[in-house]
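Its first residue numbered -2, the sequence shown is counted upward by one per residue in our numbering. For reference, the structure discussed in these notes is given below.
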Amino acid sequence: MFRTSMAITAGPAKFGPLLFPGEWERGVAAAAELGYDAVEVGVRDPALPVLRDVAGAVRAAGLVVSGIATGQSYYNDGLSPTSPDAAIRARLLDRLKGAVDFAAPWGATLFIGGVRGRLEGDAATHGTQRSRVVELVRACAEYAQPRGVRLAIEPINRYETNLINSVGEALEFIAEVGAENLVVLADTFHMNIEEVSLAGALRQAGDKLGYVHFADSNRHAAGRGHIDFGELAAVLRSMGYSGYISAEILPLPDSRTAAELAIACFRSL
Ligand code: LER
Ligand code: MN
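Here it is as structure tokens:
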């Protein structure tokens, strides 16, 4: 049995595949009612008081927070780690440290996905931009290490970013940062676009695999597209993976139905 989670957000997000957007209370209640073990929470500014309410509701529901998604700092607020402006990078690092503090009591994983932003402009500057991201992630990992928080590097498909599209590239980035508490977040929706083989990519991540997003090929609930989740679950088992499988999916046909479909699929694996 895998541990199960579903992705919700503490506030409005410019990012589609989240359940119960604008209604995190209903999201927490539905997760508990449907028998999920956890929720993962999209966090824009960790200083916002709503996070305390979310934490309290999660505890009261008998759930835990499995992960913290951080992409909203880039998508909503344009804080990019590739920015030449050191003040912007410092603001982002502050936010990520705040998110680590929120994650720490749960031992939740901090996701470094969409928050990477993009390599912009002249290709000749891309090396410098990438170095800024390496440096920022290293600083965040150093802050997170003594707090028992892992950072998960999520490969994201080429239509959303040009910085780390595949599991192989995530492993290279992790080696470059050189921190022990960095793992790979494998998202089957992105892998379906980028990888030669989904099973092969999971095996390639090996013991660096730290978290899994199970979304189908169309980003609907697992089982509503053409990814073979039975095969992937068998691969995860054979690897001794003991982390979460989490539904980061479009709220279609509606959030409740999508959450039900995902947990039914997870239980069948
Ligand atoms: C986030 O987990 C994700 O999968 C990305 O699509 C965010 O940009
Ligand atoms: Mn994802």
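For glycine and all other residues, C-beta sits at the position ideal for the given N, C-alpha and C.
Q) Between which two residues does the alpha helix (DSSP H) containing I190 stretch? A) T185 to E191
Q: Using 7 Å as the cut-off, classify the Cβ of E22 as near or not near the heavy atoms of the ligand MN, replying yes or no.
A: no
**Q.** CA-to-CA distance, A27 to F170, given in whole angstroms
**A.** 36 Å
Q) Considering M236, what are the terminal residues of the alpha helix (DSSP H) in which it resides? A) F226 to M236
Q: Look at the alpha carbon of P14 and the alpha carbon of D213, and state the distance between them as a whole number of angstroms.
A: 11 Å
Q: Kindly examine the ligand MN and report whether one of its heavy atoms sits closer than 7 Å to the Cβ of G32.
A: no
Q. Which residues does DSSP pair with L182 in a beta bridge?
A. Y208
Q: Kindly confirm or deny that the region 169 to 188 and the region 141 to 156 touch, where touching means at least three C-beta pairs closer than 8 Å.
A: yes
Q. Going by beta carbon distance, what residues of the same chain come within less than 7 Å of V51, once the five residues before and after it are set aside?
A. A7, W21 and V38
Q: Can you have a look at V130 and say buried or exposed, based on whether 16 or more other CB atoms are within 10 angstroms of its CB?
A: buried
Q.
Does V146 come out as helix, strand or coil in the three-state DSSP assignment?
A. coil
Q.
Any beta carbon of chain C sitting closer than 8 Å to that of V193?
A. Going by chain labels, chain C is absent from the structure shown, which holds only one protein chain.
Q.
To the nearest angstrom, how far is the alpha carbon of L179 from that of T254?
A. 34 Å
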